[in-house]
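Engineer:
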């Protein structure tokens, strides 16, 4: 199974503040949907609770310490290890946040799909630092800001060499 972390993070690794994204990048949302559709998506409870509804065509796996937490259409687990165990038959699974879950998942991850938002933002959730000695950048695609995107951003794909 390939474990892929997917995120949008600023140059200072900011992810969000008060359980909300700091920016609105429609093309990044489209890319997220294209990459994660028909896969398991693993996230923390706080990240899950920011969604207005379940994301279509994906199996939601929510990690929480709350023993009695239940949501319709969602697999609730107590740890990242439980989430990975639940998804062990999958070819690829996606870790979609938040900051704590990314930090826990980094040692297990095989791939990182990162949208680097060019700017520095005040935040309370951060993506872990990518150690360039352990990760290899295999793809980079720059997009400048336009009428729909307030910030320049770059799609980056990293893999952990075997």
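Residue numbers (UniProt numbering): 1 to 162. Note that CB positions come from ideal geometry on N, CA and C, so glycine has one too. Note that the structure is a prediction, hence the values are computed from the model and not measured.
What are the start and end residues of each continuous alpha helix (DSSP H) run of 4 or more residues lying completely inside the region 84 to 154, in chain order?
Structural biologist: 99 to 105
Engineer: Taking one C-beta from the region 7 to 16 and one from the region 111 to 130 each time, how about it: are there three or more such pairs within less than 8 angstroms?
Structural biologist: Touching, yes, given that three or more Cβ pairs across the two stretches are closer than 8 angstroms.
Engineer: Taking the C-alpha atoms as reference points, what is the distance between residue 150 and residue 22?
Structural biologist: 11 angstroms
Engineer: Is the beta carbon of residue 61 closer than 8 angstroms to that of residue 35?
Structural biologist: no
Engineer: Could you tell me the alpha carbon to alpha carbon distance between residue 89 and residue 157, rounded to whole angstroms?
Structural biologist: 24 angstroms
Engineer: Assuming residue 128 and residue 103 form a contact by the criterion Cβ under 8 angstroms, report the distance between their Cβ atoms to the nearest whole angstrom.
Structural biologist: Confirmed, about 5 angstroms.
Engineer: My guess is that residue 120 and residue 12 are in contact by the Cβ rule of under 8 angstroms, so how many angstroms apart are they, rounded?
Structural biologist: 5 angstroms
Engineer: Please report the distance separating the alpha-carbon of residue 52 from that of residue 63.
Structural biologist: 18 angstroms
Engineer: Let's see if you can read the secondary structure: which residues bound the beta strand (DSSP E) around residue 34?
Structural biologist: Careful: residue 34 lies outside any beta strand (DSSP E), inside the alpha helix (DSSP H) at 26 to 36.
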